[in-house]
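Number of protein chains: 2
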Amino acid sequence: MNEQAREHETDDVNEIPADESIDESAIEEQAAEELDPLAELQKERDELYARLQRVSADYQNFMRRSETNLVDSIHLASGDVLKRFVPVMDHFDTALGVEANSDDAKALHDGFRIVRDELMKVLQQAGVERLDPQVGEPFDPHCHEAMLQQPAEGVEPGCIAQVFQPGYVYKNRTLRAAKVAVVPE
Amino acid sequence: MNEQAREHETDDVNEIPADESIDESAIEEQAAEELDPLAELQKERDELYARLQRVSADYQNFMRRSETNLVDSIHLASGDVLKRFVPVMDHFDTALGVEANSDDAKALHDGFRIVRDELMKVLQQAGVERLDPQVGEPFDPHCHEAMLQQPAEGVEPGCIAQVFQPGYVYKNRTLRAAKVAVVPE
Numbered sequence: 419m420n421e422q423a424r425e426h427e428t429d430d431v432n433e434i435p436a437d438e439s440i441d442e443s444a445i446e447e448q449a450a451e452e453l454d455p456l457a458e459l460q461k462e463r464d465e466l467y468a469r470l471q472r473v474s475a476d477y478q479n480f481m482r483r484s485e486t487n488l489v490d491s492i493h494l495a496s497g498d499v500l501k502r503f504v505p506v507m508d509h510f511d512t513a514l515g516v517e518a519n520s521d522d523a524k525a526l527h528d529g530f531r532i533v534r535d536e537l538m539k540v541l542q543q544a545g546v547e548r549l550d551p552q553v554g555e556p557f558d559p560h561c562h563e564a565m566l567q568q569p570a571e572g573v574e575p576g577c578i579a580q581v582f583q584p585g586y587v588y589k590n591r592t593l594r595a596a597k598v599a600v601v602p603e
Numbered sequence: 419m420n421e422q423a424r425e426h427e428t429d430d431v432n433e434i435p436a437d438e439s440i441d442e443s444a445i446e447e448q449a450a451e452e453l454d455p456l457a458e459l460q461k462e463r464d465e466l467y468a469r470l471q472r473v474s475a476d477y478q479n480f481m482r483r484s485e486t487n488l489v490d491s492i493h494l495a496s497g498d499v500l501k502r503f504v505p506v507m508d509h510f511d512t513a514l515g516v517e518a519n520s521d522d523a524k525a526l527h528d529g530f531r532i533v534r535d536e537l538m539k540v541l542q543q544a545g546v547e548r549l550d551p552q553v554g555e556p557f558d559p560h561c562h563e564a565m566l567q568q569p570a571e572g573v574e575p576g577c578i579a580q581v582f583q584p585g586y587v588y589k590n591r592t593l594r595a596a597k598v599a600v601v602p603e
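Protein sequence lines, in the order shown, are assigned to chains C and F.
Numbering (the working numbering) for the first sequence: 419 to 603.
Numbering (the working numbering) for the second sequence: 419 to 603.
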């Protein structure tokens, strides 16, 4: 993309292509043109037309390519995100395999918690933030969802009375609002 | 430039041959241009130049926008993928909360398996396919990773002797190759 932009810039800057080679016939031609405004204009017009054709073709190609690029980039980015969850899946399967016949509730519970923590770590490393609103915080409709209204001792009206579920945010976008109860106004 | 063109026109009016159509001024203009190739060429050149300026500006704007769009689209797509894992996280937390003091290994194991199956479902719904190569299948370096070589009864050389871990594929891209043992050649 940047390469093309540079190309394009160069195109714009050199209105008249610089030619360093000293060619006598070219000089003569140039001199003749200077003397013949009609020929000079024709040349100018033809050059402008050729440049317009070129820029239009570049533009069309760029539009076509950017559509394909977009789809490819989205698939690549989604694949990168999904790839992070593969080890979690592996650990699930390993833990379930090892503990398949275990009757040790404590070991099972610990295994369960380890995989859970790993999933949370993967989400956080991918850029997801967990929202843990506190009782008494003002209710914010952007990241809190009011499940019900209920009074709570020492909590102002319009503030959080109870938290049912945490919220999750990614790049300023609320993936899931935190589920709360709110003190009625 | 236009002034000059008009000047020319006025100059040339008298030379315009008689014409039968009704709009005299239009005819005059047309005739003047026909008679003054220099003015015509100048107009053509100016129009081409204006179009070139417009197309170039559009092109530059499109390039700038498409860069921003790409980043936005990638964040949106990644967020969509990540959002799918939020319910898995919730179920983990619910299960761990409920079973916190459980000493029922069977119930814990079942809870563990339910969350594991949900994670697999989320991956599959996001477009991830699980690769479960079978013993005896030819080894494919695109989606299998050879951890070691070992013979296996009834399996041809270069074919899979044992499967250690499944693979995962997304949109023809191997997220993780299946880990296998291969019969030596």
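By construction, the Cβ of each residue, glycine as well, lies at the ideal position given by its N, Cα and C atoms.
Nearest candidate by alpha-carbon position, reference residue i, set the options
i	options	result
E600/F	P551/F, A468/F and Y588/F	Reading off the sequence shown, one finds Val at residue 600/F, where the question assumed Glu. Of the listed residues, the one whose Cα sits closest to V600/F is P551/F.
K589/C	G497/F, D476/F and N590/F	G497/F
V504/C	L541/F, G545/F and G572/F	L541/F
L566/C	R482/C, A596/C and K501/C	A596/C
H560/C	L500/C, D454/C, G572/C and G585/C	G585/C
L514/F	E485/C, T512/C and K524/C	K524/C
D508/F	D521/C, L549/C and E574/C	L549/C
F510/C	D528/F, R502/F, D522/F and T512/F	D528/F
K539/C	H562/C, D464/C, R502/C and E485/C	R502/C
Outcome for residue i when other beta-carbon atoms lying within 10 angstroms are tallied against a minimum of 16
i	result
F530/C	buried
E462/C	buried
R534/F	buried
A475/C	exposed
D454/F	buried
Q583/F	buried
C-beta atoms of residue i and residue j nearer than 8 Å
i	j	result
V581/F	E547/F	no
G576/F	E603/F	yes
I532/C	A495/F	no
V553/C	A570/C	yes
L593/C	L470/F	no
L526/C	L526/F	yes
L488/C	A544/F	no
V506/F	Y477/C	no
L456/F	Q460/C	no
V573/C	A579/C	yes
M481/C	F557/F	no
Proximity test, Cβ basis, 8 Å: residue i and chain F
i	result
R594/C	yes
D521/C	yes
H562/C	no
G572/C	no
A599/C	no
E536/C	no
R463/C	yes
R591/C	yes
R482/C	no
Cutoff 8 Å: residue i Cβ touching any chain C Cβ
i	result
F582/F	no
Q567/F	no
P455/F	yes
A475/F	no
A495/F	yes
I532/F	no
S603/F	What sits at residue 603/F in the sequence shown is Glu, not Ser. By this cut-off, E603/F is not an interface position.
D528/F	no
I492/F	yes
Residue i beta carbon near the ligand ADP (any heavy atom closer than 7 Å)
i	result
A495/F	In the structure shown, the ligand ADP is absent, as is every other ligand, since no ligand is present at all.
- Message: Ignoring anything shorter than 3 residues, give me the beta strand (DSSP E) runs that lie fully in the region 483 to 560 of chain F, in order along the chain.
- Response: 546 to 549
- Message: Please identify, using Cβ separations under 9 Å, the residues of the region 538 to 559 of chain F that lie next to chain D, in order along the chain.
- Response: Chain labels in this structure do not include chain D; the protein chains are C and F.
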